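Participant: Each residue of the sequence shown is one higher than the one before, counting from 1 in our numbering. Positions of the beta carbon are idealized from the N, C-alpha and C atoms, including for glycine. Please read all numbers here as calculations on a predicted model, not as lab measurements.
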Amino acid sequence: MAYKSFKEIVGETSLERKCRFLFGLCLLVLITGSFWWYGQRTEEIVFTTTRSTGRHLVDAVMINHHWKNLEADKKYTNPIETLGKMLQNQPYSWRILSPDASSEELASYTRLDAAVLDFFVQNPPFREGDESLTSRVRTSGDEYREYRTADKKEYHYYQPIRVQQSCLICHEFHGRVRGEGGDNLLPNRKKYADGDLMAIVKVVMPDGTTRQAINWNRAILIATAIITVFLAMLAAYLIVRYVIVKPLEHLRDVSDEVRRGNVDARADIHTADEFEELGVAFNRMLRGLVESQEELRKVNGDLDGKVDELARANMHLYEMNRLKGDFLATMSHELRTPLNSILGFSDVLGSNQLLDEKQVRYVENIRKSGRMLLEMINDILDLAKMEAGKMDVRATTFELGSIVSAQCDMIRPMAEKKEIKLIISLSDTIPKVEQDQSKLQQILSNLLSNAVKFTPEGGQISVSGKLLDAEFFILEVSDNGVGIAVDEQQAIFEKFRQSSDFQAGDDAMTREISGTGLGLSIVRELCRLLGGDVTVQSDLGQGSSFRVRLPVCLKACGMPPAIPFASSA
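Dropping the structure here:
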């Protein structure tokens, strides 16, 4: 939850809020850390000063104590006593703790005094023979103990007094001082050695005033830190607000005006920095957008005009195409009637036994030309019907092999005239198909006619069929004729188109091989009508293979996607 809130504040809020939060957090951490470190250092200085005061007071106590005991001149006795009283009137007290004190004197020590005395007795500052440590202890005042009472009203400073060479002049033995009356040493008294603990000076000073001063200083630091953080955050807010956010809000307002349609709005920023450069770039972008919009509006106007022209042209073309289809259908129908009469009369003339050889040849030419013309008319009529969507499909169930054999038998006389070998190869796995029988016959007839037409004498044509899958079967008509160039393999399926290798000119009168160029176009349209497709694979000079893919059941299958050609070997 905390991470989500932090993410919302830092990453999913406004720039102004993020800057205020981040700048405020950094300022708070830096200023708080700085003032805390300064307060700690100030307290350390105060405590060090208090410790130094205690050390100096120990020196004053020692001087006063020695003067009073060692001054032999009676005239100095009263001033020394007066000085001692003056020291006692100061806001501190002192006491000398002796490790050789009597039991009554030890009983008067506080628990803290006894603990400190025992500590210094049990922890000598140096070892025997360690002169460097001895010198350090003798010349430094670092050997001390300090305590503050629980109520923080008193400061207790303990400093041990250890024997030095100058002390042995008066303090040779424990518990005795040489005076005018002689030594009078007690029995079994030990002599002092250099560094032995002679006494501990305890100085008690009032600590309440110091603590009050520290607390007052701490309060001032905290108040100053709070005020500093507040002023810094206020300054950061003003800087972010007027230096960063205000130009950005101005750019946002200008963009909103442009979005509402006021394309004349422009950014007006004069800060002599990157924001002014951004405003200039923003205005440049707006000018470019306006110019592009004007150009686009002009282009759209031109495009609308072109679209209108194209629509009118399409309507005109559609009407012309409809008229063409109607004309072809009507003319083809009207031409078939006299043409059938011509073919009928040619058959009658051909059966007349009184005609000589020349007349028979003329009648045969009339019959052949009439049949060719009838085929052309039928092709044109069928193509016009398919383009007009008037071609009917009548599905029947039949054996595919019988249809293939019948069409091959019909084309066999033409093949035998050119000594072309015709081979049929059908798979036994092909079931009965449900297709339009007449249109499938027309597809095979056109493919076989083209194969015989473009295969040289002594060539070979093969017709094969197999089941592609549960839904489609394949018929393939292959020959070893002249073949088709790769760049023309799609063009041959267009209307009135033949391969350029069989054309000596641009018109039908100069073609080497007769034909309207509608056969393959009709094959493609019929395959689409029956829910299939036709593909070709050919190499120039190596022959051609046309593959027809049709559904086994016309009612169950729609238009399938085309598949790449593959050999049926």
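1) Is the separation between the beta-carbon of PHE472 and that of ARG549 shorter than 8 Å?
2) Report yes if the C-beta distance between GLY483 and GLN542 is below 8 Å; otherwise report no.
3) Count the C-beta pairs between the region 90-109 and the region 201-210 that are closer than 8 Å, then say yes if the count reaches three, no if not.
4) If you reduce the DSSP assignment to three classes, tell me which class PHE454 lands in.
5) Do you know offhand how far PRO99's Cα is from ALA115's?
6) In the DSSP output, what is ILE200 paired with across the bridge?
7) Is it true that the CB of ASN217 sits closer than 8 Å to the CB of THR42?
8) Any contact of the region 340-348 with the region 358-372, i.e. 3+ C-beta pairs under 8 Å?
9) Are SER46 and THR210 close, meaning C-beta to C-beta below 8 Å?
10) Which residues in the same chain as GLY350 place their Cβ atom closer than 8 Å to its Cβ, once the five residues preceding and following it in sequence are excluded?
11) To the nearest angstrom, how far is it from the Cα of LYS466 to the Cα of MET391?
12) In the DSSP assignment, find the unbroken beta strand (DSSP E) run with THR396 in it and report its ends.
13) Tell me which residue opens and which closes the alpha helix (DSSP H) that PRO247 is part of.
14) Given 8 Å as the limit, is there contact between the region 258-272 and the region 52-60, that is, 3 or more CB pairs closer than that?
15) Taking the alpha-carbon of ARG284 as reference, which of LYS439, VAL299, ALA265 and LEU383 has the nearest alpha-carbon?
16) Helix, strand or coil: which one does DSSP assign to VAL548?
17) Tell me which residues share the same chain as SER521 and place their Cβ nearer than 7 Å to its Cβ, disregarding the 5 neighbours each side in the sequence.
18) Using 8 Å as the threshold, is the region 30-44 in touch with the region 236-247, meaning 3 or more CB pairs across them?
19) Whole angstroms are fine: how far does the CA of VAL163 sit from the CA of ALA193?
20) Using only alpha-carbon positions, find the residue among TYR109, VAL463, CYS26 and ALA415 that is nearest to VAL229.
21) On the CB-based measure, 16 or more other CB atoms within 10 Å of its CB, does HIS575 come out buried or exposed?
22) What does MET205 pair with, by DSSP beta-bridge criteria?
23) Mark VAL523 as exposed unless 16 or more other C-beta atoms lie within 10 angstroms of its C-beta, in which case mark it buried.
24) For GLN293, collect the residues of the same chain with a Cβ closer than 8 Å to its Cβ; drop the 5 residues on either side in sequence, then sort them by chain order.
25) Hey, out of ILE420, ILE423 and THR429, whose CA is closest to GLU571's CA?
26) Here's a check: name, in chain order, each residue in its chain whose Cβ is nearer than 6 Å to the Cβ of MET198, leaving out the five neighbours to either side.
27) In chain order, what residues of the same chain lie with their CB nearer than 6 Å to the CB of MET62, ignoring the 5 residues before and after it?
28) With three or more beta-carbon pairs closer than 8 Å as the criterion, would you say the region 528-546 touches the region 400-413?
29) In terms of DSSP beta bridges, what is VAL534 paired with?
30) Taking Cβ to Cβ, would you say VAL452 is nearer than 8 Å to LYS418?
31) State the DSSP-derived secondary structure class of ALA504, mapped to helix, strand or coil.
32) Using the rule of at least 16 other Cβ atoms within 10 Å of the residue's Cβ for burial, across every protein chain shown, is ASP506 buried or exposed?
33) Less than 8 Å between the C-beta atoms of ASP479 and SER544, yes or no?
34) State the beta-bridge partners of ASP539 as determined by DSSP.
35) Less than 8 Å between the C-beta atoms of ASP207 and GLU146, yes or no?
36) I'd like to confirm the pairing. Which residues does DSSP put opposite GLN435 in its beta bridges?
Facilitator: Reading it off the structure:
1) yes
2) Taking 8 Å as the Cβ cut-off, GLY483 and GLN542 qualify as a contacting pair.
3) Using a C-beta cut-off of 8 Å, the region 90-109 makes contact with the region 201-210, since at least three inter-stretch Cβ pairs fall below that distance.
4) Secondary structure at PHE454: coil, using DSSP grouped into helix, strand and coil.
5) 12 Å
6) LEU97 and PRO160
7) yes
8) yes
9) The sequence given here places Val at residue 46; Ser does not occur at that position. In this structure, THR210 lies closer than 8 Å to VAL46 by Cβ.
10) VAL360, VAL363, GLU364 and ARG367
11) 28 Å
12) 396-398
13) 246-259
14) Verdict: no, contact absent.
15) ALA265
16) strand
17) If we look at SER521 and ignore the five residues flanking it on each side, its Cβ neighbours are LEU383, PHE493, GLU494 and LYS495.
18) no
19) Going from the Cα of ALA193 to the Cα of VAL163 covers about 7 Å.
20) CYS26
21) The structure shown does not extend to residue 575, since the chain spans only 1 to 569, so no value can be given for it.
22) TYR155
23) buried
24) VAL263
25) The question about residue 571 has no answer, for the chain in this structure spans 1 to 569.
26) ILE161 and VAL163
27) none
28) no
29) VAL548
30) yes
31) Residue confidence for ALA504 is low, a pLDDT of 43 falling below 50, so the modelled location carries little weight; the figure read from the coordinates is stated next. Here ALA504 sits in coil by DSSP.
32) Because ASP506 carries a pLDDT of 45, less than 50, the predicted location of this residue cannot be relied on, and the following value inherits that uncertainty. With fewer than 16 Cβ atoms within 10 Å of its Cβ, ASP506 is classed as exposed.
33) The criterion of a C-beta distance shorter than 8 Å is satisfied by ASP479 and SER544.
34) GLY543
35) Result no, Cβ atoms of ASP207 and GLU146 do not sit closer than 8 Å.
36) THR396
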